[in-house]
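Engineer: Quick note, my numbering runs 659 ahead of the 1-based positions in the sequence shown.
C-beta atoms are modelled at their ideal positions from N, C-alpha and C, and glycine is treated no differently.
Only a predicted model underlies this, so the values are computations on that prediction, with no experimental measurement involved.
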Amino acid sequence: MNKVAHYLQEHLLGEVTTSAAALEYFSTDGGVFTVKPSVIVYPRNENDVRKTTRFAWQLAERGRVIPITARGRGSDQAGAAIGEGILLVFPAHMKRIIELDTRSGTVVIEPGVVYAQLQQTLHSHGRFLPPYPSSIDFSTLGGAIANNAAGEKTIKYGCTRDYVKSLRLVLANGEVIETRRLNKRELNKKMGLATFEGEIYRTLDALIEENKETIKSSHIDVTKNSAGYDIADVKRKDGSFDLTPLIVGSQGTLGVVTEATLTTEPYTPKSTLIVGYFDDLDTAKDVVLELRKLPELPSAIEVVDENLLNFIDQNNPNQLKGIVEKPFHKLVLLIEFDNPNERLQKRLAKKAQKILEKHSITYQVAKDDHDKEQLWKIRHSAAAVITHTEGKTKALPIIEDGVVPVEKFSEYLNGVYAIFEKYNITISIWGHAGNANLHMQPFLDLSQVGDRQKVFKIIDDYYNLVISLGGSTSGEHSDGRLRAPYLRQLYGDDMYALFQKVKSIFDPYGILNSGVKIDVTLDDVKPLLRHEYSMEHLFDHLPRG
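Written out as structure tokens, the structure reads:
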């Protein structure tokens, strides 16, 4: 055990380990990169996090920088849950649902809570947290906050950022602060503090005031965006100020979240599901645009393409037997309405059916809950692609989160198909058509030199396509190491310089999740590419008790 680990072991309540097995295990997450940490810490409480961060700050003041990375279950696919210094692993102990106010629906949680566990608790009280990701069964709330996660319900309900009311945050120097929206008087009081927190408020407020035009002109016109830092939502026109939107989606690069207060929505278990079958991409785009103009947005407009259906049919023909007829259509859209007023829900569904009929689209409406469950299997079958293995050939999460303006939906799809034709690669597409936010994972073998060389060419072509269409490189998974090299191109030099300043305000020594989000080049990440990809290991290695 090294000196750093010895010191931490003596001063923390949680376990500290440097075992070869643990370091190897935590050197990867759900992404394609590998970085070996030097120490694993399982914090037992906020004080453990505070002490660890304070220790790293004191070392940095003396010229020795040891990075700190916060980690949940490690399902992050952009390489944000790995780091070379101290890894803080939260699900071992800091996994409590601290408080649930059943009247207001507000819930207070620790970052290590598994999303599905919270959702189950909320359902029992007639509530739910809408922006759940497809990894709900094993990802944590801390990870969802770090990435500004979203999912199939986001078209109607928004992203994680819309549900985070306040945070407890450990700053880079070990100070603990609470973030929430402050009025002008409260902001002035914060700016008067002779602490690191006070310095952050003073410097950040000045930065925002001096760069209003840059911030405004850098807005990306998409329905969801997790790329960069959300500076635009910190200070409102009324002078109110909140660090929370900045921290959500920052991937542990500005502070370490130890507690979050979240708002929730009333849960409506009864919904109407319509499935439409398309053979023309432009028609699919037109239908999505018309559905978005309904008096109330659908609670989901999801998409899968024929390549995904063919893949399922070849590898597990029983999975979709009796659900989707062959030959498969180019695209399948799943359109859901969940208004609690059943009459209104049915009325909205009728309007959606009229839109489909106007465009001569074949469709079906789920007759009952069983029918609905069967039809949702079309969309949820995408999980089979992610976990499929053919020897060392795996579906790699290297281009899986671009989002474009909805009117560019068909151009986006055609552009993606062209990239994969160029590299002669098999591709399946699925995702959130209502947001024009698509997921795709090409099948490649990282042990083969040829495939390794293709990886960064595909990445480059893909993100250039997304940016050229006026889109964002990340709709819901954030930047990590994977997309960070494209942030400057996405936002331009002036806005990127603001991101760098924000990072230096919160983290002057570069302690917090170093190598993620800011000041990352392709040359930095290329040597980190794994030689074999797997997600099978993401479920173990937590201490008991």
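1. Report the option in 1123, 834, 955 whose CA atom is closest to the CA atom of residue 994.
2. How many angstroms separate the CA atom of residue 836 from the CA atom of residue 815?
3. Alpha helix (DSSP H) containing residue 947: first to last residue?
4. With a threshold of 8 angstroms, are at least 3 pairs of Cβ atoms found where one atom belongs to the stretch 1137-1153 and the other to the stretch 1175-1183?
5. Given 8 angstroms as the limit, is there contact between the stretch 768-788 and the stretch 796-811, that is, 3 or more CB pairs closer than that?
6. Would the stretch 669-679 count as touching the stretch 1155-1164 if we require 3 or more Cβ pairs under 8 angstroms?
7. Note down the Cα distance separating residue 1109 from residue 1103, rounded to an integer number of angstroms.
8. Here's a check: name, in chain order, each residue in its chain whose Cβ is nearer than 6 angstroms to the Cβ of residue 1122, leaving out the five neighbours to either side.
9. If you run the structure through DSSP and keep just helix, strand and coil, what is residue 825?
10. Residues in its own chain within less than 7 angstroms of residue 841 by CB, not counting five upstream and five downstream?
11. Do the stretch 1030-1042 and the stretch 944-951 make contact, defined as three or more Cβ pairs closer than 8 angstroms?
12. Does residue 1140 come out as helix, strand or coil in the three-state DSSP assignment?
13. Return the chain-ordered list of same chain residues with a C-beta closer than 8 angstroms to the C-beta of residue 661, the five sequence neighbours on each side being excluded.
14. In angstroms with no decimal places, state the Cα-to-Cα distance between residue 1027 and residue 1000.
15. Have a look at the DSSP bridge pairing and note the partners of residue 920.
16. Can you give the beta carbon distance from residue 906 to residue 828, rounded, assuming they're within the 8 angstroms contact cut?
17. Taking the straight line between their C-alpha atoms, what separation do you get for residue 688 and residue 665?
18. Report the partner residues of residue 915 according to the DSSP bridge assignment.
19. Rounded to the nearest angstrom, how far is the Cβ of residue 908 from that of residue 806, given a contact under 8 angstroms?
20. Are the beta-carbon atoms of residue 1074 and residue 1141 separated by less than 8 angstroms?
21. In whole angstroms, what is the alpha-carbon distance linking residue 911 and residue 1016?
22. May I have the straight-line CA-CA distance separating residue 1119 from residue 1154, to the nearest angstrom?
23. Specify whether the stretch 1075-1092 and the stretch 949-965 touch according to this definition: at least 3 beta carbon pairs, one from each stretch, less than 8 angstroms apart.
24. Please go through the same chain and pick out, in chain order, the residues whose beta-carbon is closer than 6 angstroms to the beta-carbon of residue 931, but skip the five residues on each side of it.
25. In three-state DSSP terms, what is residue 1153?
26. Taking C-alpha atoms, which residue in 1064, 923, 1105, 1047 lies nearest to residue 779?
27. Would you grab the beta carbon distance between residue 730 and residue 714 for me? Rounded to a whole angstrom, and I think it's under 8 angstroms.
28. Here's a check: name, in chain order, each residue in its chain whose Cβ is nearer than 7 angstroms to the Cβ of residue 1117, leaving out the five neighbours to either side.
29. Residue 1098 bridges to which residues according to DSSP?
30. According to DSSP, is residue 1052 helix, strand or coil?
31. Please confirm if the stretch 755-765 is in contact with the stretch 721-741, defined as three or more CB-CB distances below 8 angstroms between the two stretches.
32. Measure from the alpha carbon of residue 1127 to the alpha carbon of each residue in 950, 1114, 1113, 1150, then state which is nearest.
33. Buried or exposed for residue 913, going by 16 or more other Cβ atoms inside 10 Å?
34. Using only CA atoms, which one of 1158, 1038, 1179, 1115 lies nearest to residue 1189?
35. Grab me the residues of residue 1195's own chain with a C-beta within less than 6 angstroms of its C-beta, minus the 5 sequence neighbours each way, in chain order.
36. Let me know if residue 726 comes out buried or exposed under the rule of 16 or more other beta-carbons within 10 Å of its beta-carbon.
Structural biologist: According to the data block:
1. The residue labelled residue 994 in the question sits at position 335 within the sequence shown. With respect to the C-alpha of residue 994, the residue from 1123, 834, 955 having the closest C-alpha is 955.
2. Counting from one through the sequence shown, the residue named residue 836 turns up at place 177. Counting from one through the sequence shown, the residue named residue 815 turns up at place 156. Each residue's Cα considered, the two are about 32 angstroms apart.
3. Sequence index remark: in the sequence shown, residue 947 carries index 288 (1-based). Per DSSP, residue 947 is one residue of the alpha helix (DSSP H) stretching across 940-950.
4. They touch, by the three-pair rule.
5. Judged by Cβ distances under 8 angstroms, the stretch 768-788 makes contact with the stretch 796-811, as three or more pairs qualify.
6. Result no; under three Cβ-Cβ pairs closer than 8 angstroms.
7. Here residue 1109 is taken as the residue at index 450 of the sequence shown, counted from 1. Here residue 1103 is taken as the residue at index 444 of the sequence shown, counted from 1. Cα atoms of residue 1109 and residue 1103: separation of roughly 9 angstroms, rounded to the nearest angstrom.
8. Translated into positions along the sequence shown, residue 1122 becomes position 463. Excluding residues within five positions, the ones whose Cβ falls inside 6 angstroms are 1132, 1145.
9. The residue labelled residue 825 in the question sits at position 166 within the sequence shown. Note: residue 825 maps to strand in three-state DSSP.
10. The residue labelled residue 841 in the question sits at position 182 within the sequence shown. So the list reads 849, 899, 900, 901, once near-sequence residues are dropped.
11. Fewer than three Cβ pairs drawn from the stretch 1030-1042 and the stretch 944-951 lie within less than 8 angstroms of each other, which leaves the two stretches out of contact.
12. Counting from one through the sequence shown, the residue named residue 1140 turns up at place 481. Three-state DSSP puts residue 1140 in coil, outside helix and strand.
13. Here the question's residue 661 lines up with position 2 in the sequence shown. Cβ neighbours of residue 661 beyond the five flanking positions: 677, 697, 698.
14. Indexing the sequence shown from 1 puts residue 1027 at position 368. Indexing the sequence shown from 1 puts residue 1000 at position 341. The straight-line gap from Cα to Cα measures roughly 17 angstroms.
15. For the purposes of this step, residue 920 is taken as the residue at position 261 of the sequence shown. DSSP, once it has assigned bridges, lists 767, 825 as partnering residue 920.
16. What you label residue 906 is simply residue 247 of the sequence shown in a count that begins at 1. What you label residue 828 is simply residue 169 of the sequence shown in a count that begins at 1. Contact between residue 906 and residue 828 holds, with the beta-carbon distance rounding to 6 angstroms and staying under 8 angstroms.
17. For the purposes of this step, residue 688 is identified with residue 29 of the sequence shown, where counting begins at 1. For the purposes of this step, residue 665 is identified with residue 6 of the sequence shown, where counting begins at 1. In a straight line, the C-alpha of residue 688 is about 26 angstroms away from that of residue 665.
18. Taking the first residue of the sequence shown as 1, we reach residue 915 at position 256. Its beta-bridge partners are 829.
19. Your numbering for residue 908 matches position 249 in the sequence shown. Your numbering for residue 806 matches position 147 in the sequence shown. The C-beta distance from residue 908 to residue 806 rounds to 6 angstroms, short enough to fall under 8 angstroms.
20. By one-based count along the sequence shown, residue 1074 stands at place 415. By one-based count along the sequence shown, residue 1141 stands at place 482. Result no, Cβ atoms of residue 1074 and residue 1141 do not sit closer than 8 angstroms.
21. Residue numbering aside, residue 911 sits at position 252 when the sequence shown is read from its first letter. Residue numbering aside, residue 1016 sits at position 357 when the sequence shown is read from its first letter. Straight-line measurement puts the Cα of residue 1016 at about 48 angstroms from the Cα of residue 911.
22. As a position in the sequence shown, residue 1119 is number 460, starting the count at 1. As a position in the sequence shown, residue 1154 is number 495, starting the count at 1. Going from the Cα of residue 1119 to the Cα of residue 1154 covers about 21 angstroms.
23. The way I'd put it, the stretch 1075-1092 does touch the stretch 949-965; three or more beta-carbon pairs between them come closer than 8 angstroms.
24. The count along the sequence shown starts at 1 and reaches residue 931 at position 272. Excluding sequence neighbours, residue 931 sits near 996, 1004, 1008.
25. Locating residue 1153 in the sequence shown gives position 494, counting from the first residue. Three-state result, residue 1153: helix.
26. Residue 779 sits at position 120 when you count from the first residue of the sequence shown. When each option's Cα is compared against that of residue 779, the closest is 923.
27. Walking along the sequence shown from the start, residue 730 turns up at place 71. Walking along the sequence shown from the start, residue 714 turns up at place 55. Going by Cβ atoms, the distance from residue 730 to residue 714 rounds to 18 angstroms, so no, they are not a contact pair.
28. What you label residue 1117 is simply residue 458 of the sequence shown in a count that begins at 1. Hits under 7 angstroms: 1057, 1058, 1078, 1082, 1101.
29. Here the question's residue 1098 lines up with position 439 in the sequence shown. The secondary-structure analysis by DSSP pairs residue 1098 across a beta bridge with 1089.
30. By 1-based counting over the sequence shown, the position of residue 1052 is 393. Strand, per DSSP.
31. With a cut-off of 8 angstroms, the stretch 721-741 and the stretch 755-765 do not count as touching, because too few Cβ pairs lie within range.
32. Taking the sequence shown and counting its residues from 1, one reaches residue 1127 at position 468. Selected option, being the one with the closest Cα: 1150.
33. As a position in the sequence shown, residue 913 is number 254, starting the count at 1. Looking at its Cβ environment, which holds 16 or more other Cβ atoms inside 10 Å, residue 913 is buried.
34. Locating residue 1189 in the sequence shown gives position 530, counting from the first residue. Taking only the C-alpha atoms, the option nearest residue 1189 is 1115.
35. In the sequence shown, counting from the first residue as 1, residue 1195 sits at position 536. Nothing listed; no residue qualifies.
36. Your numbering for residue 726 matches position 67 in the sequence shown. Residue 726 should be labelled buried.
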